[in-house]
Amino acid sequence: MLNIKYQKYILSFIFCFLFFGCSSKKEFAKPTITVWHWMTDRKDAFQELSRRYEEKTGVKVNFELYAPSDAYTQKVRAAAQGNTLPDIFGILGEMRDFASFIKAGYVEDLTPYMEENQAEWKERFFKKALEVNEFGPDNAYGVKPGIYGVPIDIMTIQMLYNKRLFKELGLNPENPPQDFSEFLNIGKRIREKGLQGLVSGWAELWMIDCLANNFAFNIMGKDKVIKTIKGEIPYTDPDWIKVLTLFKEIKEAGLLYDGIVTMVNKTAEQIFANERAVFAFNGSWCVNVYRGMNPNLDYAVMLPPKVSEKFPRSIWGGAGSSFMVNANSKLKKEVIRFLKWLTDKEQQIFLSEATFNLPANKESLTQIHPRLAEFADDIEITTHPRIWGVSEFPRVIEAFDKGIQAIIIGEKTPEEVAREIQEIKEKELAKKRSQKE
Amino acid sequence: MRAKSTLENYLFILPALIIFSIFYIYPFYKVFQLGLYDWDGISPTKVFVGLGNFKEIIFEDKIWWKSMLNASYITLVALTFQNALAFCLALACDRQIRMRNFYRTIFFIPPVLSEVVVGLVWQWILDGNYGILNNFFVKIGLPHLARNWLSDPKTALNCVAFVHSWKGFGWGFLIFLAGLQTIPRELYEAAKVDGAGAWQVFKRITFPLMIPVMVLVAILTVLGTMQAFVLIIAMTGGGPAYHTEVPVLRILASMRGSSRFGYACAQGISFGVILVIVSFIQYRLSRKAREIY
Numbered sequence: 002m003l004n005i006k007y008q009k010y011i012l013s014f015i016f017c018f019l020f021f022g023c024s025s026k027k028e029f030a031k032p033t034i035t036v037w038h039w040m041t042d043r044k045d046a047f048q049e050l051s052r053r054y055e056e057k058t059g060v061k062v063n064f065e066l067y068a069p070s071d072a073y074t075q076k077v078r079a080a081a082q083g084n085t086l087p088d089i090f091g092i093l094g095e096m097r098d099f100a101s102f103i104k105a106g107y108v109e110d111l112t113p114y115m116e117e118n119q120a121e122w123k124e125r126f127f128k129k130a131l132e133v134n135e136f137g138p139d140n141a142y143g144v145k146p147g148i149y150g151v152p153i154d155i156m157t158i159q160m161l162y163n164k165r166l167f168k169e170l171g172l173n174p175e176n177p178p179q180d181f182s183e184f185l186n187i188g189k190r191i192r193e194k195g196l197q198g199l200v201s202g203w204a205e206l207w208m209i210d211c212l213a214n215n216f217a218f219n220i221m222g223k224d225k226v227i228k229t230i231k232g233e234i235p236y237t238d239p240d241w242i243k244v245l246t247l248f249k250e251i252k253e254a255g256l257l258y259d260g261i262v263t264m265v266n267k268t269a270e271q272i273f274a275n276e277r278a279v280f281a282f283n284g285s286w287c288v289n290v291y292r293g294m295n296p297n298l299d300y301a302v303m304l305p306p307k308v309s310e311k312f313p314r315s316i317w318g319g320a321g322s323s324f325m326v327n328a329n330s331k332l333k334k335e336v337i338r339f340l341k342w343l344t345d346k347e348q349q350i351f352l353s354e355a356t357f358n359l360p361a362n363k364e365s366l367t368q369i370h371p372r373l374a375e376f377a378d379d380i381e382i383t384t385h386p387r388i389w390g391v392s393e394f395p396r397v398i399e400a401f402d403k404g405i406q407a408i409i410i411g412e413k414t415p416e417e418v419a420r421e422i423q424e425i426k427e428k429e430l431a432k433k434r435s436q437k438e
Numbered sequence: 022m023r024a025k026s027t028l029e030n031y032l033f034i035l036p037a038l039i040i041f042s043i044f045y046i047y048p049f050y051k052v053f054q055l056g057l058y059d060w061d062g063i064s065p066t067k068v069f070v071g072l073g074n075f076k077e078i079i080f081e082d083k084i085w086w087k088s089m090l091n092a093s094y095i096t097l098v099a100l101t102f103q104n105a106l107a108f109c110l111a112l113a114c115d116r117q118i119r120m121r122n123f124y125r126t127i128f129f130i131p132p133v134l135s136e137v138v139v140g141l142v143w144q145w146i147l148d149g150n151y152g153i154l155n156n157f158f159v160k161i162g163l164p165h166l167a168r169n170w171l172s173d174p175k176t177a178l179n180c181v182a183f184v185h186s187w188k189g190f191g192w193g194f195l196i197f198l199a200g201l202q203t204i205p206r207e208l209y210e211a212a213k214v215d216g217a218g219a220w221q222v223f224k225r226i227t228f229p230l231m232i233p234v235m236v237l238v239a240i241l242t243v244l245g246t247m248q249a250f251v252l253i254i255a256m257t258g259g260g261p262a263y264h265t266e267v268p269v270l271r272i273l274a275s276m277r278g279s280s281r282f283g284y285a286c287a288q289g290i291s292f293g294v295i296l297v298i299v300s301f302i303q304y305r306l307s308r309k310a311r312e313i314y
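If you read the protein sequences in the order shown, they are chains W and B.
Take 2 as the starting number for the first sequence in my numbering and just add one per residue.
Take 22 as the starting number for the second sequence in my numbering and just add one per residue.
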């Protein structure tokens with residue numbers, strides 16, 4: 002038999018437990034928004050913004066960093082399968098992957114939020130930045146038309162040149178090569194001086210794809226590129242062979258850095274920052290990278306050289322990083338409020354200043370670093386596979402990019418590569434047709 | 022009574038059986054099941070394609086077979102060069118030589134280093150422009166030997182195979198050394214008394230008694246090397262073109278690059294089956310070798 006005194010203690014404990022256990026939690030707990038991201042360079046800036054937001058609204062925003070981006074991609078996929086996605090997350094990959102997430106019901110359609118108050122939120126952004134998160138009517142992915150992501154920053158991928166090395170080569174650093182023959186002629190001077198030409202991370206296939214697409218848009222125009230993706234024009238078309246031949250010509254002109262085909266972009270960035278290469282092909286994020294590696298690096302931005310007069314030049318660009326809202330989040334309203342705040346002019350300027358990335362908010366561009374402004378100048382001529390409405394088969398993209406590597410190492414001719422790409426393309430088209438049937 | 026005893030026995034192995042089933046059998050079954058679908062890894066719906074993925078791997082995927090060939094070549098180099106080196110060094114360290122423990126430590130450093138670090142260090146050594154190796158060739162008056170080791174299709178795979186062997190020989194060394202130390206010393210002494218020379222001692226005592234250890238090292242080498250990929254990612258990323266692609270990189274490419282999760286699962290299963298067959302053949306061959314000796 003328990004002592005009566007102990008019985009009292011036990012009863013009071015049970016009472017307290019039941020009373021507080023059943024009371025409303027809302028009075029005590031403030032909502033916490035969870036954000037998953039992969040942007041190591043923005044970690045501190047995000048923490049600071051989180052602090053400011055909590056101070057202002059009382060809502061805590063927990064930024065969780067998962068890097069590198071490959072690991073992040075796998076984490077997001079696994080979380081989607083387990084239905085444990087956070088309130089806000091980013092989707093890395095191609096438009097096809099983005100579409101799969103939307104169709105599976107993981108991503109909130111943000112169109113109504115973007116359109117409210119005379120589309121105030123939507124109007125803040127660069128059109129190009131929003132486009133990469135947008136699915137238009139009759140898109141090939143079968144996604145309901147709408148805007149499914151919020152751009153945090155924008156980027157463009159262009160060519161850069163080292164001004165000091167340009168002078169050493171006897172070239173005018175204020176007048177970079179405009180057309181392809183001018184560009185090729187520089188190769189001779191580079192070889193004579195014992196320097197190295199163009200450096201880029203071409204072990205990462207998408208970077209080769211990017212430059213090849215720049216050339217393709219200039220040579221045959223957007224419509225023909227899209228028709229090729231749709232399977233209406235073969236890769237053995239003379240225009241595509243011309244695109245592939247350009248890489249052979251660049252190589253033969255001595256313009257490529259030795260070992261470029263097995264080089265990752267981080268190494269390429271180090272090489273350019275250390276002034277060991279005259280040209281680089283890189284995205285606007287490089288401003289921050291070069292600043293860290295060599296603050297005295299004197300370089301400028303140029304468009305990839307013009308190959309043809311038939312069509313305008315185009316470069317890859319648009320939204321750099323975007324956030325998506327979990328369609329199953331219980332804090333949807335708070336999440337939208339936070340994202341609107343994050344993309345306000347003030348926060349965008351802070352992010353740009355802290356991380357040297359181009360802001361997605363148009364109004365914030367007035368206060369950016371001059372080097373970043375050079376990248377931003379060409380935002381209007383940007384394009385991106387994510388806005389084309391159709392995606393090339395991944396195996397075709399791989400064959401295309403690996404084929405260019407084979408051309409560069411002198412293993413295959415452009416014609417051979419074109420035939421191989423087309424062979425794979427036809428197999429993929431046949432497979433798609435049989436699946437439809 | 023007997024039934025009770027049998028039940029008790031099964032009860033004892035039940036925890037191990039449950040763990041094995043959850044962590045091995047079920048994932049294997051699940052991966053095989055996913056290999057029968059066309060699935061992007063995200064969509065809630067999967068399209069059943071039967072053995073279509075496996076058929077594509079076997080009959081259509083040329084790159085897959087090229088990657089298998091590359092991995093086989095690296096494995097062959099590891100089986101011969103790496104294991105021969107490990108065995109010779111183990112033999113040397115088994116004797117009463119000076120600084121024996123120092124050598125043992127030194128030889129075991131490469132295997133404990135991170136593969137990424139090893140890959141990046143060797144990438145610098147083999148760099149075509151600023152690499153130590155090319156500088157060395159220039160310094161000794163052989164500049165014609167300098168080249169882009171990792172981006173030249175003629176040398177890329179050999180370089181990867183060499184670095185993999187350099188990184189891996191320490192494991193073999195350690196196992197060989199442990200094996201050599203289990204050979205009774207009396208056998209060597211008796212052989213000496215009988216007037217046997219060093220070669221005869223090696224041929225009649227060391228080699229036959231080391232066969233089980235060699236088989237073990239060979240199986241571990243094959244399994245470890247065929248599945249190597251981190252070092253290759255760090256050194257070449259599978260390039261130039263497809264010259265250093267290996268099966269695990271292809272599985273990763275299918276899963277991440279192409280979003281073909283089902284196909285990647287089928288590749289994983291096919292690769293696993295190939296490894297089991299190779300290990301089985303190795304085992305049979307080693308049994309024959311033991312019979313001969």
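From the three backbone atoms N, C-alpha and C, an ideal C-beta is built for every residue, glycine too.
From a predicted model like this one, the values you see are computed outputs, not experimental measurements.
Taking 8 Å as the CB-CB cut-off, is residue i touching chain B?
i, result
"residue 26 (chain W)", "Note that residue 26 (chain W) scores 47 on pLDDT, short of 50, meaning its location in the model is unreliable and no value can be drawn from it."
"residue 110 (chain W)", "no"
"residue 47 (chain W)", "no"
"residue 436 (chain W)", "yes"
"residue 101 (chain W)", "yes"
"residue 347 (chain W)", "no"
"residue 270 (chain W)", "no"
"residue 310 (chain W)", "no"
"residue 410 (chain W)", "yes"
"residue 260 (chain W)", "yes"
"residue 279 (chain W)", "no"
Indicate whether at least one CB of chain W lies closer than 8 Å to the CB of residue i.
i, result
"residue 313 (chain B)", "no"
"residue 277 (chain B)", "yes"
"residue 280 (chain B)", "yes"
"residue 164 (chain B)", "no"
"residue 64 (chain B)", "yes"
So, is residue i buried or exposed, given that buried needs 16 or more other C-beta atoms within 10 angstroms?
i, result
"residue 98 (chain W)", "buried"
"residue 439 (chain W)", "Because chain W here runs from 2 to 438, residue 439 (chain W) falls outside it and cannot be looked at."
"residue 320 (chain B)", "Only positions 22 to 314 of chain B appear in this structure, which leaves residue 320 (chain B) out of reach."
"residue 144 (chain W)", "buried"
"residue 275 (chain W)", "exposed"
"residue 1 (chain W)", "Since the first and last residues shown for chain W are 2 and 438, residue 1 (chain W) lies out of range."
"residue 191 (chain W)", "buried"
"residue 411 (chain W)", "exposed"
"residue 349 (chain W)", "buried"
Would residue i and residue j be called neighbours here (beta carbons separated by less than 8 Å)?
i, j, result
"residue 63 (chain B)", "residue 81 (chain W)", "yes"
"residue 222 (chain B)", "residue 212 (chain B)", "yes"
"residue 92 (chain B)", "residue 234 (chain B)", "no"
"residue 260 (chain B)", "residue 397 (chain W)", "no"
"residue 243 (chain B)", "residue 300 (chain B)", "yes"
"residue 358 (chain W)", "residue 180 (chain W)", "no"
"residue 287 (chain B)", "residue 78 (chain B)", "yes"
"residue 46 (chain W)", "residue 320 (chain W)", "no"
Go to residue i, then tell me how far its alpha helix (DSSP H) extends in each direction, as first and last residue.
i, result
"residue 371 (chain W)", "371-377"
"residue 385 (chain W)", "Where residue 385 (chain W) is concerned, there is no enclosing alpha helix (DSSP H), given that its DSSP letter is neither H nor E."
"residue 229 (chain B)", "228-247"
"residue 157 (chain W)", "Run containing residue 157 (chain W): none in the alpha helix (DSSP H); it sits in the beta strand (DSSP E), 151-163."
"residue 226 (chain W)", "206-231"
Determine the extent of the beta strand (DSSP E) in which residue i is found, giving its start and end residues.
i, result
"residue 4 (chain B)", "Nothing can be reported for residue 4 (chain B), as the shown portion of chain B is limited to 22 through 314."
"residue 326 (chain W)", "316-326"
"residue 36 (chain W)", "33-38"
"residue 65 (chain W)", "61-66"
Interface residues of the segment 240-268 of chain B facing chain W [CB-CB below 7 Å]:
257, 258, 260, 261, 262, 263
Give, in chain order, every residue of the segment 393-405 of chain W whose Cβ lies closer than 7 Å to some Cβ of chain B.
395, 396, 399, 403
Name the residues in the segment 352-385 of chain W whose C-beta lies less than 8 Å from a C-beta of chain B; which are they?
none
What residues from the segment 182-202 of chain W come within 9 Å of chain B, judged by C-beta to C-beta, listed N to C?
197
Pull out every residue of the segment 239-256 of chain W whose Cβ sits closer than 8 Å to any Cβ of chain B, in chain order.
none
Return the residues of the segment 157-190 of chain B that lie within a Cβ-Cβ distance of less than 8 Å from chain W, sorted by chain order.
Contact annotation: in the segment 157-190 of chain B, residues whose CB is within less than 8 Å of a CB in chain W are 169, 171, 172, 173, 174, 177.
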